[in-house]
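What follows is one structure encoded as structure tokens, with my remarks underneath.
Protein chains: 2
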Amino acid sequence: MDRKQLIIEAATKSFSLFGYKATTMDQVAKLANVGKGTIYTFFKNKEELFDEIISTLIKEMKSAAESSFDPSLSFHENVHRALFKILEFRRKHQLTIKLYEEGKEMGTPAVMDVMEKMETAILNYIKEKVVSAIETGQIKKCDPELTAFVMLKLYIALIFDWEKKHEPLDKEEIAELFEQYIFKGLSN
Amino acid sequence: MDRKQLIIEAATKSFSLFGYKATTMDQVAKLANVGKGTIYTFFKNKEELFDEIISTLIKEMKSAAESSFDPSLSFHENVHRALFKILEFRRKHQLTIKLYEEGKEMGTPAVMDVMEKMETAILNYIKEKVVSAIETGQIKKCDPELTAFVMLKLYIALIFDWEKKHEPLDKEEIAELFEQYIFKGLSN
DNA sequence: GATTGACTATTTTGTTCATTTAGTCATTTC
DNA sequence: GAAATGACTAAATGAACAAAATAGTCAATC
Numbered sequence: 094m095d096r097k098q099l100i101i102e103a104a105t106k107s108f109s110l111f112g113y114k115a116t117t118m119d120q121v122a123k124l125a126n127v128g129k130g131t132i133y134t135f136f137k138n139k140e141e142l143f144d145e146i147i148s149t150l151i152k153e154m155k156s157a158a159e160s161s162f163d164p165s166l167s168f169h170e171n172v173h174r175a176l177f178k179i180l181e182f183r184r185k186h187q188l189t190i191k192l193y194e195e196g197k198e199m200g201t202p203a204v205m206d207v208m209e210k211m212e213t214a215i216l217n218y219i220k221e222k223v224v225s226a227i228e229t230g231q232i233k234k235c236d237p238e239l240t241a242f243v244m245l246k247l248y249i250a251l252i253f254d255w256e257k258k259h260e261p262l263d264k265e266e267i268a269e270l271f272e273q274y275i276f277k278g279l280s281n
Numbered sequence: 094m095d096r097k098q099l100i101i102e103a104a105t106k107s108f109s110l111f112g113y114k115a116t117t118m119d120q121v122a123k124l125a126n127v128g129k130g131t132i133y134t135f136f137k138n139k140e141e142l143f144d145e146i147i148s149t150l151i152k153e154m155k156s157a158a159e160s161s162f163d164p165s166l167s168f169h170e171n172v173h174r175a176l177f178k179i180l181e182f183r184r185k186h187q188l189t190i191k192l193y194e195e196g197k198e199m200g201t202p203a204v205m206d207v208m209e210k211m212e213t214a215i216l217n218y219i220k221e222k223v224v225s226a227i228e229t230g231q232i233k234k235c236d237p238e239l240t241a242f243v244m245l246k247l248y249i250a251l252i253f254d255w256e257k258k259h260e261p262l263d264k265e266e267i268a269e270l271f272e273q274y275i276f277k278g279l280s281n
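So the sequences go chain by chain: A and B. Heads up, the working numbering is the position in the first sequence plus 93, with the first residue counted as 1. Heads up, the working numbering is the position in the second sequence plus 93, with the first residue counted as 1.
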């Protein structure tokens, strides 16, 4: 039985359910059916355990997005597919939501750090895709970094902020809005 | 001498300097050279005094935006001018900065309420402009509320969030980006 | 009748002390 | 003897209480 994996799974479960701060190492040990000391043979401390989980999450997200990417399709279409994948992914992963909330309303430093890391990873991924879309002439010339930033902010605004005062938007609506605002433009 | 006005001015000064929570009614009374009881002959309580100040601020913001509106220019040029005026206003005004900070890092309920009220006022203003732009056929048919929301979020992201990790964008750059993303679209 | 500031009830803040928790390490287990 | 463990410690957190500050009142004053 892979003890390290057991620990990671237990910690992921607890972080997803209760957040970073409210997860104790005793709890993780108990959940993993492992002595607390064992955790410290694999991870230097709580934050490093957390970091490993997040790094894995980032890798999983990237490969989920990548697997939905089809170079024979248009950039536009690929953004749709990647968006759908990430949206599905997000629903499955309680963890991201929990952490986003904890970062915002408690400002737990370890969580803030990790969210920044995630944001940077996502921005770099989008940026890379934007660069190749410009190269292949699929979209207009634009600043890739700024464009990635705008796309992510729009996404976050639609997913998290809009829900605060309105009915949540479903996958199709979000994809449609992206198309309307970012790709086609409002001008007649 | 208009005692009510003196109170409002003193309170505005103190809110701007110290924020809502750190402003005491004793302080306001002293600053206004007025007995504390006098404040309560004009305002039911601290929050109502605060509300009156903010309502005035919102009115001032609206008229600042309105004054920058030029019907001979295109819709998107006007939207940009109006939004920029509002955000510039917000930045210049010590009070809004202080309140923005207090809302974000202390979450003072009265401040949060008021910030929401401000955001709603801005959103309604944009929405109204979007509605008439759709009617006059200047932009495509779209959900005015969602469009106002997206525009405001994009502006805030470009003006406040982008600066956290990059060189600030100037007025012209922001205007161009807004046109590029929202109005023209990225598609070729 | 308007104004006031001493007064009160409530909230906020500071402090102490008990509990919880991250991380260690001597002991146990296989 | 290497890996695993959980009782242990130092540090962080939070509960409980006391003290201070503050919003709002109201009888006295102008």
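For glycine and all other residues, C-beta sits at the position ideal for the given N, C-alpha and C. Here the structure is a predicted model, which is why all the values come from computation and not from measurement.
>> With distance defined between alpha-carbon atoms, name the residue in B:N138, B:T240 and B:N126 nearest to A103 of chain B.
In response: Mapped onto the second sequence, residue 103 of chain B falls at position 10. Among B:N138, B:T240 and B:N126, the Cα nearest to that of A103 of chain B belongs to B:N126.
> Counting only beta-carbon atoms, is Y113 of chain A nearer than 8 Å to chain B?
Replying inline: Position 20 of the first sequence, counted from the first residue, corresponds to residue 113 of chain A. Closer than 8 Å: no.
>> Less than 8 Å between the C-beta atoms of G278 of chain A and I275 of chain B, yes or no?
In response: Position 185 of the first sequence, counting from 1, holds the residue named residue 278 of chain A. Position 182 of the second sequence, counting from 1, holds the residue named residue 275 of chain B. Yes. Within cutoff.
> If we count Cβ pairs, one from each stretch, closer than 8 Å, do we get three or more for the region 140–159 of chain B versus the region 205–212 of chain B?
Replying inline: yes
>> I'd like to know if the region 213–228 of chain B and the region 237–256 of chain A are in contact, where contact means that at least 3 CB-CB pairs between them fall below 8 Å.
In response: no
>> So, under 8 Å CB-CB, L188 of chain B and S109 of chain B are touching, yes? Tell me the CB distance rounded to an integer number of Å.
In response: Residue numbering aside, residue 188 of chain B sits at position 95 when the second sequence is read from its first letter. Residue numbering aside, residue 109 of chain B sits at position 16 when the second sequence is read from its first letter. L188 of chain B to S109 of chain B, Cβ: 4 Å. Contact.
> Within this structure, are the beta carbons of E195 of chain B and Y113 of chain B separated by less than 8 Å?
Replying inline: Residue mapping note: residue 195 of chain B aligns to position 102 of the second sequence, counting from 1. Residue mapping note: residue 113 of chain B aligns to position 20 of the second sequence, counting from 1. Closer than 8 Å, so yes.
> Do the CB positions of M118 of chain B and K139 of chain B come within less than 8 Å of each other?
Replying inline: By 1-based counting over the second sequence, the position of residue 118 of chain B is 25. By 1-based counting over the second sequence, the position of residue 139 of chain B is 46. Less than 8 Å separates the beta-carbon of M118 of chain B from that of K139 of chain B.
> Hey, would you say L251 of chain A sits closer than 8 Å to L270 of chain A, going by beta carbons?
Replying inline: As a position in the first sequence, residue 251 of chain A is number 158, starting the count at 1. As a position in the first sequence, residue 270 of chain A is number 177, starting the count at 1. Yes, these two residues count as a Cβ contact at 8 Å.
> When the Cα of L150 of chain B is compared with those of B:V207, B:I132 and B:H169, which residue comes out closest?
Replying inline: In the second sequence, residue 150 of chain B corresponds to position 57, counting from 1. Nearest of B:V207, B:I132 and B:H169 to L150 of chain B, Cα basis: B:V207.
>> So if I threshold CB-CB distances at 8 Å, which residues from the region 239–252 of chain B count as touching chain A?
In response: L239, T240, F242, V243, K246, L247, A250 and L251
> For the putative contact between H173 of chain A and A268 of chain A, defined by C-beta atoms under 8 Å, what is the C-beta separation to the nearest angstrom?
Replying inline: Translated into the one-based positions of the first sequence, residue 173 of chain A becomes position 80. Translated into the one-based positions of the first sequence, residue 268 of chain A becomes position 175. Confirmed, about 5 Å.
>> For a contact defined as C-beta to C-beta under 7 Å, what are the partners of L180 of chain A on chain B?
In response: On the first sequence, position 87 is the one that residue 180 of chain A refers to. Residues of chain B passing the Cβ test: none, with the nearest at roughly 17 Å.
> Would I100 of chain B pass as a contact of I132 of chain B if the rule is Cβ separation under 8 Å?
Replying inline: The residue labelled residue 100 of chain B in the question sits at position 7 within the second sequence. The residue labelled residue 132 of chain B in the question sits at position 39 within the second sequence. Yes, the pair counts as a contact, with Cβ atoms nearer than the cut-off.
> Does any residue of chain A bring its CB to less than 8 Å from the CB of D254 of chain B?
Replying inline: Taking the first residue of the second sequence as 1, we reach residue 254 of chain B at position 161. By this cut-off, D254 of chain B is an interface position.
>> Considering only the alpha carbon of each residue, which of A:H259, A:H186, A:D144 and A:A226 lies closest to A241 of chain A?
In response: As a position in the first sequence, residue 241 of chain A is number 148, starting the count at 1. Out of A:H259, A:H186, A:D144 and A:A226, A:A226 has the C-alpha closest to the C-alpha of A241 of chain A.
> Which word fits T134 of chain A, buried or exposed, when buried means at least 16 other C-beta atoms lie within 10 angstroms of its C-beta?
Replying inline: Looking up residue 134 of chain A in the first sequence gives position 41. Of the other Cβ atoms in all chains shown, fewer than 16 fall within 10 Å of the Cβ of T134 of chain A; this residue is therefore exposed.
> So, helix, strand or coil for S107 of chain A, using DSSP?
Replying inline: Here residue 107 of chain A corresponds to residue number 14 of the first sequence, with the count starting at 1. Note: S107 of chain A maps to helix in three-state DSSP.
>> Using the three-state DSSP reduction, which class does M199 of chain A fall into: helix, strand or coil?
In response: For the purposes of this step, residue 199 of chain A is identified with residue 106 of the first sequence, where counting begins at 1. In this structure, M199 of chain A counts as coil in the three-state DSSP scheme.
> Among A:T116, A:Q273 and A:I179, which residue has its Cα nearest to the Cα of K233 of chain B?
Replying inline: If you number the second sequence from 1, residue 233 of chain B lands on position 140. In terms of CA proximity to K233 of chain B, A:Q273 leads the group A:T116, A:Q273 and A:I179.
> Considering only residues of the region 158–215 of chain A, which uninterrupted alpha helix (DSSP H) runs meet the minimum length of 4 residues and lie entirely inside it, listed in chain order?
Replying inline: 168–185 and 187–198
>> Among the candidates A:A175, A:I215 and A:K197, whose CA atom is the shortest distance from the CA of E265 of chain A?
In response: In the first sequence, counting from the first residue as 1, residue 265 of chain A sits at position 172. In this structure, A:A175 is the residue among A:A175, A:I215 and A:K197 with its C-alpha nearest to the C-alpha of E265 of chain A.
>> List, in chain order, every chain B residue whose beta-carbon is nearer than 8 Å to that of H270 of chain A.
In response: Here residue 270 of chain A corresponds to residue number 177 of the first sequence, with the count starting at 1. Reading off the sequence, residue 270 of chain A comes out as Leu, not His. Residues of chain B passing the Cβ test: L239 and V243.
>> Checking 8 Å against the spacing of the C-beta atoms, do S161 of chain A and K178 of chain A come in under that value?
In response: Counting from one through the first sequence, the residue named residue 161 of chain A turns up at place 68. Counting from one through the first sequence, the residue named residue 178 of chain A turns up at place 85. Taking 8 Å as the Cβ cut-off, S161 of chain A and K178 of chain A qualify as a contacting pair.
> What is the DSSP secondary structure of G128 of chain B, counted as helix, strand or coil?
Replying inline: The residue you call residue 128 of chain B lines up with position 35 of the second sequence. DSSP places G128 of chain B in coil when its eight states are reduced to three.
>> What would DSSP say about L247 of chain B, mapped onto helix, strand or coil?
In response: In the second sequence, the residue the question calls residue 247 of chain B occupies position 154. Correct three-state label for L247 of chain B: helix.
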